[in-house]
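Protein chains in written order, with our numbering: chain A, 2 to 185; chain C, 14 to 210. Just below is one structure, and these are the notes that go with it.
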Ligand SMILES: [Zn+2]
């Protein structure tokens, strides 16, 4: 075997890698009378020691504790958003269009109706199918609906109830709801 | 069912994706540090390592259903996601890595080549670690990652091959080449420190 063909074997000897005992012994014997390979083995051993020291010095490296909390919050938000099934949310979007066209839901011009008396109780929540339907434009409508219907938009409802609530819907130009917030 | 330390990664993931927040936390605590270290050693930035770790676990929440235990360990799967992120970042931002010449402290040839305990003496150890960290960061990414996975994260060649989607022989030959480059860079660093131009 030529000296340059031994480099992987010398590396494995230096880093205690998987190598047969016979191959290892043959190369160690070669190193006893070949200064080039002996020097290479020595450098590889020093490099191994250095890399192990770097590995040991790195064991304490870790993401900040805040990241776990952040991910946990995302996890819980996803759980809330995933509760209603997508078809129900899509159906709700379609239902909004139908309900508006039939006059069941009463859309109100946002600019005129949003006064200081409005009590917005939530931020907008994106409905669960947002990832598959990108919003490239649309408009906001204020509607009234039974509180129980909010769940189809991914809004957690507090108690059942057929009471009517007002909500703002962000609708795409296709009429599909992308986000919702409860007004009162 | 309360998640336990003995639960497999695959079990924890399955329960997490079914909505069990505690299983997600146990899985995160078990696996996030290796992801973070991988990203840190690849990019040399704590901020990037934190971002990559975040993206990896967000991707796990989004796409974890695609993980198939029969095709490899979850640890390799996570590093695989981190790798995609890291390579994209390295490509996009061309993350500047410190050049060896920037190291100011002298590291003598004798100390570097010596195998005695002197090399690992505390003060010299810090010099060695700084120089070595920079040398690793200066390697081309394909060589850097085998050093990080095999020598710093102690993955077997088989695990590294699984993570990198390449043959075991490729991992071994790249590692051999990478280590030669590391030795050359450390020696040239030592020589330039001794004979400043
Ligand atoms: Zn030789």
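Think of the CB as a built atom: it goes at the ideal place given N, C-alpha and C, for glycine as much as any other residue.
Item                                                                                                                          : Value
Positions along the segment 131 to 165 of chain C whose CB lies within less than 8 Å of some CB in chain A                    : 132, 133, 138, 141, 142, 145, 146, 149, 160, 164, 165
At least 3 beta-carbon pairs within less than 8 Å: the segment 21 to 34 of chain C vs the segment 52 to 63 of chain A         : no
Any chain E beta carbon closer than 8 Å to residue 68 of chain C                                                              : You won't find chain E in this structure, because its protein chains are A and C.
Endpoints, the alpha helix (DSSP H) within which residue 69 of chain C is located                                             : 59 to 76
Chain C residues whose Cβ lies nearer than 9 Å to that of residue 12 of chain A                                               : 185, 188, 189, 192, 193
Short CB-CB distance (under 8 Å) between residue 80 of chain A and chain C                                                    : yes
Closer than 7 Å: residue 44 of chain A CB and nearest ligand 1 heavy atom                                                     : no
Backbone CA spacing between residue 82 of chain A and residue 66 of chain C [nearest angstrom]                                : 23 Å
For ligand 1, residues whose Cβ lies under 6 Å from any non-hydrogen atom                                                     : A/4, A/31, A/35, A/37, A/38
Top-ranked residue by Cα proximity to residue 58 of chain C, from C/42, C/103, C/173, C/188                                   : C/103
With 16 other Cβ atoms within 10 Å as the buried cut-off, status of residue 37 of chain A                                     : exposed
Paired residues, beta bridge with residue 147 of chain A - DSSP                                                               : A/165
Inter-residue Cα distance where the pair is residue 86 of chain C and residue 175 of chain C                                  : 9 Å
3 or more residues per run - each beta strand (DSSP E) lying fully within the segment 38 to 65 of chain A                     : none
8 Å Cβ cutoff, residue 45 of chain C in contact with chain A                                                                  : yes
Residue interval of the beta strand (DSSP E) (run including residue 179 of chain A)                                           : 178 to 183
Exposed unless 16 or more other CB atoms sit within 10 angstroms - verdict on residue 22 of chain A                           : exposed
Residue range of the unbroken alpha helix (DSSP H) whose run includes residue 36 of chain C                                   : 34 to 56
Sequence-distant residues of the same chain with beta carbon closer than 6 Å to residue 19 of chain A, five excluded per side : none
Status (buried if at least 16 other CB within 10 Å, exposed otherwise) for residue 168 of chain C                             : buried
Alpha-carbon to alpha-carbon, residue 191 of chain C and residue 182 of chain A                                               : 56 Å
Chain A residues whose Cβ lies nearer than 7 Å to that of residue 41 of chain C                                               : 69, 72
Residue 83 of chain C burial status per 10 Å Cβ neighbour count (16 or more: buried)                                          : exposed
With 16 other Cβ atoms within 10 Å as the buried cut-off, status of residue 4 of chain A                                      : exposed
Coarse secondary structure for residue 16 of chain A, derived from DSSP in three states                                       : coil
Closest Cα partner of residue 12 of chain A within the set A/184, A/45, A/171                                                 : A/45
Residue 49 of chain A burial status per 10 Å Cβ neighbour count (16 or more: buried)                                          : buried
Residue 4 of chain C, buried or exposed, once every other Cβ within 10 Å from all chains shown has been counted against 16    : Residue 4 of chain C cannot be examined here, being either before or after the span of chain C that is shown, 14 to 210.
Proximity test, residue 18 of chain C beta-carbon vs ligand 3 heavy atom, cut-off 7 Å                                         : Questions concerning ligand 3 fall outside what the structure shown contains, since the ligands it does hold are ligand 1.
Residue interval of the alpha helix (DSSP H) (run including residue 154 of chain C)                                           : 154 to 159
Closer than 8 Å to chain C by CB, residue 111 of chain A                                                                      : With a pLDDT of 44 at residue 111 of chain A, under the threshold of 50, the modelled position of that residue is not reliable, and the figure given next carries that caveat. With 8 Å as the cut-off, residue 111 of chain A does not count as an interface residue toward chain C.
Interface flag, residue 34 of chain C vs chain A, CB-CB below 8 Å                                                             : yes
Under the three-state DSSP convention, the category residue 80 of chain C falls into                                          : coil
Boundaries of the alpha helix (DSSP H) in which residue 96 of chain C is found, first to last residue                         : 87 to 106
Candidates A/180, A/6, A/9, of which the one nearest residue 124 of chain A by Cα                                             : A/180
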